[in-house]
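In my numbering, the protein residues as written are 18 to 323.
Virtual Cβ for every residue (Gly too), placed ideally from N, Cα, C.
This report concerns only the one structure given below.
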Amino acid sequence: MKQYLSYSTEVKEALETGKAIVALESTIISHGMPYPQNVITAKEVEQIIRDHGAVPATIAILDGQIKIGLSDEELEVLGNSKDVAKASRRDLPYLLATKQKGATTVAATMICADLAGIRIFVTGGIGGVHRGAENTMDISADLEELAKTNVAVICAGAKSILDIGLTMEYLETKGVPVVGYQTDFLPAFYTRTSPFSVNFRADDAQTVAAMLKAKWELNLTGGAVIANPIREEDAMDESFITDIIERALSEANENGIVGKNVTPFLLGKVKELTEGKSLVANIALIKHNAAVGAEIAVAFQNDLNR
Ligand code: PSU
Ligand code: MN
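Structure (structure tokens):
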């Protein structure tokens, strides 16, 4: 297995010296945001993690290798090339074997982080059960990965391009805890709340770290969702964004968008219809998640080192 993994110097050193590490995905760079904001944000997010005492490990597939920690040049390639595949669990073997570029989704990033022994992962939003999934069966592989891979995902909840209620039901069936970070409600990405409650509330990083430690020491295999609401000042107006999402969903239907193209299409449409306001919110929330995720990683590592 080790032959497929390649570490940046910074991450290698962190692993050797027992420093807190935060994994970061790359689909958000290649398919989730436009250039050049994607690359600028990716670098800023990494710096926020360092400023909070942890080491960032952005993950991608390049040159037949799983890269754990990327150089600025590699971030640029991911953010500004046409030939980067969105890489989820099913895509990893083919992309590695054919030495093609792949940007890892939440599911694939969890797999790679787990292989590297990294337990804490920060992103913007997770995939979930899509609206209309009773007909399309469009359920993100992210959920299945959360069911089986021991990595905690700090995110801003689930976007209402998804069926948030069904996503919560799926996670409940799979035994994946959904923890609200300083909130009782599941955040809906662009907004601080949704009509759904989280399973548990944690008010500080130590509580989250202790919970993860208990889960994995008991061999309760699988991940956890740590839902961190967007800051009040960055949140979008709920009725405004709801209306936009409805329009984006009908356009996706009209254009027959299916499979792995659905989420990138919807994100792009929402950005277009909000005239870029959704992108500003997206950047703000992921930076906030980076700060909180780094604190959780530090608390988790302190527990391990004790
Ligand atoms: N949500 C976002 N931005 C993203 C994604 C989701 O706000 O970039 C990406 C993540 O990489 C996530 C993936 O894992 O989309 C889910 O895709 P799908 O629905 O095809 O599983
Ligand atoms: Mn899908």
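task: With DSSP collapsed to three states, give me the class of residue 24.
output: As a position in the sequence shown, residue 24 is number 7, starting the count at 1. Reduced to three states, the DSSP call for residue 24 is strand.
- prompt: Under the criterion of a Cβ to heavy atom distance below 6 Å, does residue 141 qualify as lining the ligand PSU?
  reply: Position 124 of the sequence shown, counting from 1, holds the residue named residue 141. Answer for residue 141: yes, Cβ within range of the ligand PSU.
message: With distance defined between alpha-carbon atoms, name the residue in 188, 180, 122 nearest to residue 263.
response: For the purposes of this step, residue 263 is identified with residue 246 of the sequence shown, where counting begins at 1. When only C-alpha atoms are compared, the closest one is 180.
query: Helix, strand or coil for residue 47 per DSSP?
result: Locating residue 47 in the sequence shown gives position 30, where the first residue counts as 1. Residue 47: helix per DSSP, three-state reduction.
message: Let's test the definition: count the other Cβ atoms within 10 Å of the Cβ of residue 63 and tell me whether it reaches 16, buried, or not, exposed.
response: For this step, residue 63 is matched to residue 46 along the sequence shown. By the 10 Å Cβ count, residue 63 comes out buried.
query: Ends of the beta strand (DSSP E) at residue 218?
result: On the sequence shown, residue 218 is found 201 positions in, with the first residue counted as 1. Element bounds for residue 218: 217-219.
query: Are the beta-carbon atoms of residue 229 and residue 307 separated by less than 7 Å?
result: The sequence position of residue 229 within the sequence shown is 212, counting from 1. The sequence position of residue 307 within the sequence shown is 290, counting from 1. Not closer than 7 Å, so no.
- prompt: Can you tell me the Cα-Cα spacing of residue 22 and residue 276, whole angstroms?
  reply: Here residue 22 is taken as the residue at index 5 of the sequence shown, counted from 1. Here residue 276 is taken as the residue at index 259 of the sequence shown, counted from 1. Using only the alpha carbons, I get a separation of about 28 Å.
- prompt: Which first and last residues belong to the alpha helix (DSSP H) in which residue 60 is found?
  reply: On the sequence shown, residue 60 is found 43 positions in, with the first residue counted as 1. Secondary structure note for residue 60: its alpha helix (DSSP H) is the uninterrupted segment 54-68.
field: Anticipated Cβ contact below 8 Å, residue 121 with residue 44, distance rounded
entry: Taking the sequence shown and counting its residues from 1, the one referred to as residue 121 is at position 104. Taking the sequence shown and counting its residues from 1, the one referred to as residue 44 is at position 27. About 6 Å separates the two Cβ atoms, so the contact holds.
message: Here's a check: name, in chain order, each residue in its chain whose Cβ is nearer than 7 Å to the Cβ of residue 268, leaving out the five neighbours to either side.
response: As a working note, residue 268 is residue 251 in the sequence shown. Setting aside the 5 residues that flank it on each side, residue 268 is surrounded in the same chain by 286, each with a C-beta closer than 7 Å to its C-beta; the list follows chain order.
message: Closer than 6 Å to a non-hydrogen atom of the ligand PSU - does that hold for the CB of residue 162?
response: Position 145 of the sequence shown, counted from the start, is the residue given in the question as residue 162. No, the Cβ of residue 162 stays beyond 6 Å of every heavy atom of the ligand PSU.
The segment 286-306 / the segment 111-130 touching (three or more Cβ pairs under 8 Å): Contact annotation: the segment 286-306 does not touch the segment 111-130, with fewer than three C-beta pairs closer than 8 Å.
For residue 193, the first and last residue of its enclosing beta strand (DSSP E): On the sequence shown, position 176 is the one that residue 193 refers to. Under the DSSP assignment, residue 193 falls outside any beta strand (DSSP E); it carries neither an H nor an E label.
- request: Collect the residues with a C-beta less than 6 Å away from any heavy atom of the ligand MN and give them in sequence order along the chain.
  value: In chain order, the residues with a C-beta atom nearer than 6 Å to some heavy atom of the ligand MN are 155, 157, 279.
message: Beta-carbon within less than 6 Å of residue 105's beta-carbon, same chain only, minus the 5 sequence neighbours each way: which residues are those?
response: Translated into positions along the sequence shown, residue 105 becomes position 88. Cβ neighbours of residue 105 beyond the five flanking positions: 122, 124, 125, 158.
field: Where the beta strand (DSSP E) containing residue 119 begins and where it ends
entry: Position 102 of the sequence shown, counting from 1, holds the residue named residue 119. Taken as a continuous stretch (DSSP letters only), the beta strand (DSSP E) holding residue 119 covers 119-121.
message: Is any non-hydrogen atom of the ligand PSU found closer than 6 Å to the C-beta of residue 45, if you look at the structure I gave you?
response: Taking the first residue of the sequence shown as 1, we reach residue 45 at position 28. Correct: residue 45 has its Cβ closer than 6 Å to the ligand PSU.
As assigned by DSSP and simplified to three states, the class of residue 110: Stepping through the sequence shown from its first residue, residue 110 is reached at position 93. Residue 110: helix per DSSP, three-state reduction.
query: For the ligand PSU, any of its heavy atoms closer than 6 Å to the Cβ of residue 42?
result: Translated into positions along the sequence shown, residue 42 becomes position 25. Residue 42 Cβ: within cutoff of the ligand PSU.
message: Within the continuous beta strand (DSSP E) that includes residue 138, where are the two ends?
response: Mapped onto the sequence shown, residue 138 falls at position 121. Annotation for residue 138: the continuous beta strand (DSSP E) segment containing it runs 137-139.
task: List the whole-angstrom C-beta distance separating residue 317 from residue 226, where the pair is believed to meet the contact cut-off of C-beta under 8 Å.
output: As a position in the sequence shown, residue 317 is number 300, starting the count at 1. As a position in the sequence shown, residue 226 is number 209, starting the count at 1. Contact holds; Cβ gap of about 4 Å.
query: Helix, strand or coil: which one does DSSP assign to residue 204?
result: The count along the sequence shown starts at 1 and reaches residue 204 at position 187. Reduced to three states, the DSSP call for residue 204 is coil.
field: residue 225: first and last residue of the uninterrupted alpha helix (DSSP H) it sits in
entry: Residue numbering aside, residue 225 sits at position 208 when the sequence shown is read from its first letter. If you look at residue 225, you'll find it in the alpha helix (DSSP H) that goes 222-234.
message: On the criterion of 16 or more Cβ atoms from any shown chain inside 10 Å, does residue 136 qualify as buried, or is it exposed?
response: Taking the first residue of the sequence shown as position 1, residue 136 is located at position 119. With 16 or more other Cβ atoms within 10 Å, it is buried.
- prompt: Nearest-angstrom Cα distance between residue 359 and residue 67?
  reply: In the structure as shown, the chain starts at 18 and stops at 323, and residue 359 therefore has no counterpart that could be examined.
- prompt: Of the choices 198, 18, 175, 87, whose alpha-carbon is the least far from that of residue 188?
  reply: As a first step, residue 188 must be located in the sequence shown, where it is residue number 171. Ranked by how close their Cα comes to the Cα of residue 188, the residues 198, 18, 175, 87 have 175 in first place.
Pick from 36, 132, 254 that is closest to residue 314, judged by C-alpha positions: On the sequence shown, position 297 is the one that residue 314 refers to. For the residues 36, 132, 254, the minimum Cα distance to residue 314 belongs to 36.
- prompt: From this set, 39, 80, 84, which residue's C-alpha is nearest residue 70's C-alpha?
  reply: Locating residue 70 in the sequence shown gives position 53, where the first residue counts as 1. Sorting 39, 80, 84 by C-alpha distance to the C-alpha of residue 70 places 39 at the top.
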